[in-house]
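Participant:
In this note's numbering, the protein residues as written are 698 to 1156.
What follows is the structure, encoded as structure tokens:
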């Protein structure tokens, strides 16, 4: 009975072992992409020649001793400050900052092997796990291609001194890292972290404040530039509309002036004709009245026999006729008045002097308009860039363009007022003197002025 029970227990134990082995191989197969196999380390005594905790401590001590011997140039068992400085500069190819070197060794302290070992045990790297070492390999050493080599050997922080010492070509034979540059880089980084510990990730509040301030300033500058560009664009649109309005007003003013001049000429002509007709009619009535009185005297004379009375009536008739003749003569003289040549020459000279001064003002007005247009074109070119709005705001281009446009408006209004006054005045002089030469001068000059202004507006 007991043999049967033992046989059943043996079968159960055997089945359990097979299940556990199957589960182990299944897990190994699933994780084959993470841990393929470890490289046997003859210095380790664990299963598959993996290092146990005792092996890691023992081999770590050996590696620390080897590092101490490398740094002790005079082989007196003590590392002096000068020896550590030379080792760091020559072997590590690094100019370590004074603060880190002072934490490692003061000038008046000599480091023994035991001191170096205690210092290593107090190093945070000594307690690193395999994941910590992998992070250090990737972020600090920058050799991510060897992650698998470290994982399959279960490499933790206690084994890093072996990389620094590299006894018996440990990096090449056990870790299978054969690239000379990668080996050299790994030795330097491992020695540095063993002696000085991991780099302290200091957090500088002042730098953060400066960066945040710079960020806010940059955002503020961008917002300011955007707002100024928007305002400048609006001002530009207003200025362009004013310039366009100025040009339209100039054209409308010329058209209205021409129409007004034509209407005034017609009114003046009709008025003169009407005045002449009224005057002629008045004179005609007056002469007819005098003639009627003369006829009355003649009829009365014919009806009287007395010769003296007839003579008296005849004299009165002659007197009335003489009055009518004198009025007719005066009317004829008024109708046929001819000014002297000297007066005409003086008037022509006066007209040409005024015309020259008017032409100078017209050219100055045209120059002012061209200057305003050039300033607007300059502003249009400046605003094409991203910071064009800021440049325009700081150079006062908008104010300058506005002043130029206002000055051009004032000059244009002044020259049009002067043009209308001159035209009316000289036309009136020509009518009063009844001299076509003066009238033709005014008409020809007006045509030239209108043609020049029209061409300038279209341009």
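Idealized CB from N, CA, C, for every residue including glycine.
Which of the three DSSP states, helix, strand or coil, is assigned to residue 736?
Facilitator: Residue 736: coil per DSSP, three-state reduction.
Participant: How many whole angstroms separate the CB atoms of residue 871 and residue 736, which I take to be in contact at a CB cut-off of 8 angstroms?
Facilitator: Going by Cβ atoms, the distance from residue 871 to residue 736 rounds to 6 angstroms, so yes, they are a contact pair.
Participant: Write down the C-beta distance between residue 829 and residue 855 rounded to the nearest angstrom, noting that I regard them as a contact closer than 8 angstroms.
Facilitator: Going by Cβ atoms, the distance from residue 829 to residue 855 rounds to 11 angstroms, so no, they are not a contact pair.
Participant: Who are residue 885's beta bridge partners in DSSP?
Facilitator: Its beta-bridge partners do not exist; DSSP assigns none.
Participant: Just to check my reading of the structure: residue 1119 and residue 1051 have Cβ atoms closer than 8 angstroms, yes? What is that Cβ distance to the nearest angstrom?
Facilitator: Contact flag correct, Cβ pair sits at about 6 angstroms.
Participant: Does residue 858 pass the burial test, meaning 16 or more other C-beta atoms within 10 Å, or should it be called exposed?
Facilitator: Residue 858 is buried by the Cβ-count criterion.
Participant: For residue 813, which residues of its own chain have a beta-carbon under 6 angstroms away from its beta-carbon, when the five flanking residues on both sides are left out?
Facilitator: The residues are 761, 765.
Participant: Can you list, in chain order, the residues of its chain with a C-beta nearer than 8 angstroms to that of residue 727? Leave out the 5 residues immediately preceding and following it.
Facilitator: Per-residue confidence for residue 727 stands at a pLDDT of 41, beneath the threshold of 50, marking its modelled position as unreliable; the derived number appears in the next sentence. Cβ within range, chain order: n/a, list empty.
Participant: When the Cα atoms are used, what is the spatial distance from residue 937 to residue 1098?
Facilitator: Residue 937 and residue 1098: Cα-Cα distance of roughly 10 angstroms.
Participant: If you draw a straight line from the C-alpha of residue 1074 to the C-alpha of residue 939, how long is it?
Facilitator: Looking at the two C-alpha atoms, the distance is approximately 14 angstroms.
Participant: Using 7 angstroms as the threshold, is the C-beta distance between residue 1069 and residue 1095 below it?
Facilitator: The answer is no: Cβ separation not under 7 angstroms.
Participant: With H, G and I counted as helix, E and B as strand and the rest as coil, what does DSSP make of residue 776?
Facilitator: Looking at residue 776 - three-state DSSP - the assignment turns out to be strand.
Participant: Could you tell me the alpha carbon to alpha carbon distance between residue 783 and residue 885, rounded to whole angstroms?
Facilitator: Approximately 14 angstroms between the Cα atoms of the pair.
Participant: Just checking my contact of residue 888 with residue 851 at CB under 8 angstroms: how many whole Å lie between their CB atoms?
Facilitator: Not confirmed; about 22 angstroms, so no contact.
Participant: What residue range is occupied by the uninterrupted alpha helix (DSSP H) comprising residue 1103?
Facilitator: Where residue 1103 is concerned, the enclosing alpha helix (DSSP H) stretches over 1094 to 1130.
Participant: Determine the DSSP secondary structure at residue 871, reduced to helix, strand or coil.
Facilitator: Looking at residue 871 - three-state DSSP - the assignment turns out to be coil, as it is neither helix nor strand.
Participant: Around the C-beta of residue 730, are 16 or more other C-beta atoms found within 10 angstroms, so that it is buried, or is it exposed?
Facilitator: Any answer about residue 730 is weak, because its pLDDT of 41 lies below 50 and its placement is not dependable; what the coordinates show is given next. With fewer than 16 Cβ atoms within 10 Å of its Cβ, residue 730 is classed as exposed.
Participant: What are the boundary residues of the alpha helix (DSSP H) that residue 817 is part of?
Facilitator: First-last of the alpha helix (DSSP H) with residue 817: 810 to 818.
Participant: Which residues in the same chain as residue 825 place their Cβ atom closer than 7 angstroms to its Cβ, once the five residues preceding and following it in sequence are excluded?
Facilitator: So the qualifying residues of the chain are 853, 854.
Participant: What would DSSP say about residue 1158, mapped onto helix, strand or coil?
Facilitator: The structure shown does not extend to residue 1158, since the chain is modelled only from 698 to 1156, so the question has no answer here.
Participant: If you drop the 5 nearest sequence neighbours on each side, which residues of the same chain put their C-beta closer than 6 angstroms to that of residue 748?
Facilitator: Contacts found: 741.
Participant: According to DSSP, simplified to helix, strand and coil, what is residue 747?
Facilitator: Looking at residue 747 - three-state DSSP - the assignment turns out to be coil, as it is neither helix nor strand.
Participant: Roughly how far, in whole angstroms, is the beta-carbon of residue 785 from the beta-carbon of residue 807, given that I think they are within contact range, below 8 angstroms?
Facilitator: Incorrect: roughly 16 angstroms between the Cβ atoms, too far for contact.
Participant: Does the Cβ of residue 929 have 16 or more other Cβ atoms within 10 Å, making it buried, or fewer, making it exposed?
Facilitator: It counts as buried.
Participant: To which residues of the same chain is residue 846 closer than 7 angstroms at the C-beta, ignoring the five residues directly before and after it?
Facilitator: Here the set comprises 872, 873, 874.
Participant: State the Cα-Cα distance for the pair residue 989 and residue 1129, rounded to the nearest angstrom.
Facilitator: C-alpha separation (whole angstroms): 34 angstroms.
Participant: What separation, rounded to the nearest whole angstrom, lies between the Cα atoms of residue 818 and residue 912?
Facilitator: About 44 angstroms.
Participant: Using beta-carbon positions only, say whether residue 943 and residue 1106 come within less than 7 angstroms of one another.
Facilitator: Yes, they are a contact pair.
Participant: Can you give me the start and stop residues for the alpha helix (DSSP H) that residue 1048 sits inside?
Facilitator: From DSSP, the alpha helix (DSSP H) with residue 1048 extends over 1038 to 1079.
Participant: So, with DSSP's three-state summary, where would you put residue 754?
Facilitator: It is helical.
Participant: Give every residue of the same chain whose Cβ lies closer than 7 angstroms to the Cβ of residue 1108, excluding the five residues on either side of it in the sequence, and list them in chain order.
Facilitator: These residues qualify, in order along the chain: 1061, 1062, 1065.
Participant: Using CA coordinates, which residue listed in 1037, 834, 1116 is at the minimum distance from residue 882?
Facilitator: Checking every option, the nearest Cα to that of residue 882 belongs to 834.
Participant: Which residue's Cα is closest to the Cα of residue 839: 869, 879, 864?
Facilitator: When each option's Cα is compared against that of residue 839, the closest is 879.
Participant: Return helix, strand or coil for residue 789, following the three-state DSSP convention.
Facilitator: It is coil, neither helix nor strand.
Participant: By Cβ distance, which residues of its chain are closer than 7 angstroms to residue 865, with the 5 residues on each side in sequence left out?
Facilitator: So no residue of the chain qualifies.
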